[in-house]
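Read in order, the letters of the sequence shown are residues 27 to 276 in this note's numbering. C-beta: ideal position from N, C-alpha, C; glycine also. In this text the structure is predicted, and so the values were computed from the model without any measurement. The next block holds one structure in the form of structure tokens; read it before the comments.
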Amino acid sequence: MTSNNNVKMEDKIITLAAIMKKSKNIMILTGAGMDTESNIPDFRSRSGWWRNIDPREVATREALKNNYSLFHDFYSYRIKKLFDVNPHKGHYVLAKFEEQGIINSIATQNVSGLHRKAGSKEVYELHGNINIVNCDDCKSDEDITNFLNRGSCEKCNSEFLRPRVILFGESLPEEVWSKTLSNLNKIDLLIVIGTSLAVYPVNELPRMFNGFKVYINNEESLNYNYFDLTIIGKAKDILIKLDEEISKSS
Ligand code: NAD
Ligand code: ZN
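Below, the structure written as structure tokens:
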């Protein structure tokens, strides 16, 4: 529909605000681009990453079992980095939208926990949450400090403590995934923000939804021409402007 690139960003935001007001049930789907303005690098910005190692080679079951030192270093680094990180205004806008009944839920690929930290309640963390640690063997919950100190499981003594994130090669948490799918059946608007839609199966979600789909990202991709509306720009700026637009006309 309105994916015409000549239409100015501001006009597209006005269009989206109007569509949101008419919609009854809205789901947001976020990816790493939602968090970059809180200074958490996405996976595509490799230059900023840890020791220049591709995270996709460490965030695996193989690394957990066969190269635990590397796995532990990588996740300790990411967890410690998050200590100083806070949600940005865009996260708060989404939390406010939920409180105002404008949106219903957020499905996220992010493991940072920033949506919840900003106050969003109906959040489906499809790839888990890096701030929660458990034992890979007996599954018991563990203290995050114990993980950071490279301790072992207090119940079964296993050395394989790990954050509760979905590693490449693992399946998504069933309950969260089915909640997301059942919500996808109820919504009439899906807004995808800051994801390259490269990771299966989350990248299938927009195609599984038959209603109006919006894609907000800071770079364009021809792969996403199945969206009804595409807005190119930074997630935070766009959400702030969207909030202004919705408040103006309410
Ligand atoms: P990705 O890195 O593949 O894609 C992120 C997309 O966001 C890119 O297209 C990028 O151009 C865009 N982007 C970057 N900054 C933006 C901004 N300010 N505004 C709008 N768009 C912006 O990440 P992905 O698609 O989420 O998937 C990769 C995997 O990375 C997921 O499994 C996720 O769990 C994991 N991951 C999570 C975090 C986090 O929790 N914050 C960080 C890095 C990676
Ligand atoms: Zn254990």
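Using DSSP bridges, identify the partner residues of Tyr-241. In the DSSP output, where bridge partners are listed per residue, Tyr-241 has Val-218 and Thr-256.
Minimum length 3: unbroken beta strand (DSSP E) runs contained in the segment 136 to 204:
Complete beta strand (DSSP E) runs here, min 3: 149 to 151, 154 to 161 and 187 to 191.
**Message:** Contact between the segment 232 to 245 and the segment 253 to 270 is defined here as three or more beta-carbon pairs at a separation below 8 Å; is this criterion met?
**Reply:** With three or more CB-CB distances shorter than 8 Å, the segment 232 to 245 counts as touching the segment 253 to 270.
Inset, instruction - Report the residue from Leu-42, Asp-37, Gly-59 and Asn-209 whose alpha carbon sits nearest the alpha carbon of Ala-224. - result: The option with the nearest alpha carbon to Ala-224 is Gly-59.
Notebook entry, point to check: Is it a yes or a no for the segment 42 to 57 touching the segment 122 to 141, going by three-plus beta-carbon pairs under 8 Å?
Noted result: Yes, the segment 42 to 57 touches the segment 122 to 141.
Please classify Ala-133: does DSSP put it in a helix, a strand, or coil?
Reduced to three states, the DSSP call for Ala-133 is strand.
For a test of the three-state rule: what should DSSP assign to Ile-26, helix, strand or coil? Since the displayed the chain opens at 27 and closes at 276, residue 26 lies outside it and no answer follows.
From this set, Asp-162, Tyr-103 and Arg-87, which residue's C-alpha is nearest Ser-138's C-alpha? Ranking Asp-162, Tyr-103 and Arg-87 by CA distance to the CA of Ser-138 puts Tyr-103 first.
Notebook entry, point to check: Do Leu-90 and Phe-97 have their CB atoms nearer than 9 Å?
Noted result: In contact: Leu-90 and Phe-97 (Cβ atoms closer than 9 Å).
Report all residues for which the CB-ligand distance to some heavy atom of the ligand ZN is below 6 Å; order them along the chain.
Here the list is Cys-161, Asp-163, Cys-164, Ser-166, Cys-179, Lys-181, Cys-182 and Ser-184.
Beta strand (DSSP E) segments (min. 3 residues) lying fully within the segment 51 to 103
With a minimum length of 3 residues, the continuous beta strand (DSSP E) runs that stay inside the segment 51 to 103 are 52 to 56.
| query | Excluding the five sequence neighbours on either side, which residues of its own chain have a C-beta within less than 6 Å of the C-beta of Glu-124, listed in chain order? | reply | Correct list, in chain order: Ser-146.
- Would you say Thr-86 and Leu-193 are within 9 Å of each other, going by their C-beta atoms? Contact flag set, yes.
Leaving out the 5 sequence neighbours to the left and right, which residues in its chain are closer than 8 Å to Ser-184 when beta-carbon positions are compared? Shown here for Ser-184: same chain residues with a beta carbon closer than 8 Å to its own, the five before and five after excluded, namely Cys-161, Asp-162, Asp-163, Cys-164 and Ser-178 in chain order.
Sub-9 Å separation of Gly-220 and Asp-68 beta-carbons
Yes, they are a contact pair.
Original post:
In whole angstroms, what separates the C-alpha of Leu-187 from that of Ser-197?
Top reply: Looking at the backbone, the Cα of Leu-187 and that of Ser-197 are separated by about 18 Å.
(message) Using only the alpha-carbon positions, how far apart do Thr-28 and Asn-243 sit?
(response) Interpretation of Thr-28 is limited by its pLDDT of 44, a score under 50 that renders its predicted location unreliable; no figure is taken from the coordinates.
Alpha-carbon to alpha-carbon, Pro-199 and Leu-152
Taking the straight line joining both Cα atoms gives about 7 Å.
Taking the alpha helix (DSSP H) that Phe-123 falls in, what are its first and last residues?
115 to 125 is the span of the alpha helix (DSSP H), which, as asked, contains Phe-123.
- Rank Ile-39, Leu-140 and Arg-70 by C-alpha distance to the C-alpha of Ser-64 and give the top, closest one. Minimum Cα distance to Ser-64 is reached at Leu-140.
Compare the Cα-Cα distances from Trp-203 to each of Glu-230, Thr-171 and Lys-260 and report the closest residue.
Ranking Glu-230, Thr-171 and Lys-260 by CA distance to the CA of Trp-203 puts Glu-230 first.
Going straight from the alpha carbon of Pro-227 to that of Met-234, what length do you get? Pro-227 and Met-234: Cα-Cα distance of roughly 11 Å.
The ligand NAD and Gly-145: does the residue's C-beta get closer than 8 Å to at least one heavy atom of that ligand? No, Cβ of Gly-145 sits at least 8 Å from all heavy atoms of the ligand NAD.
Check your understanding: Cα separation between Lys-212 and Val-33?
Key -> The straight-line gap from Cα to Cα measures roughly 30 Å.
- Message: Could you compute how far the alpha carbon of Leu-215 sits from the alpha carbon of Thr-41?
- Response: Taken atom to atom, the span from the alpha-carbon of Leu-215 to that of Thr-41 is near 13 Å.
| said: For a test of your reading of the model: does the CB of Arg-188 fall under 8 Å from any non-hydrogen atom of the ligand NAD? Yes or no. | reply: Outside the cutoff, so no.
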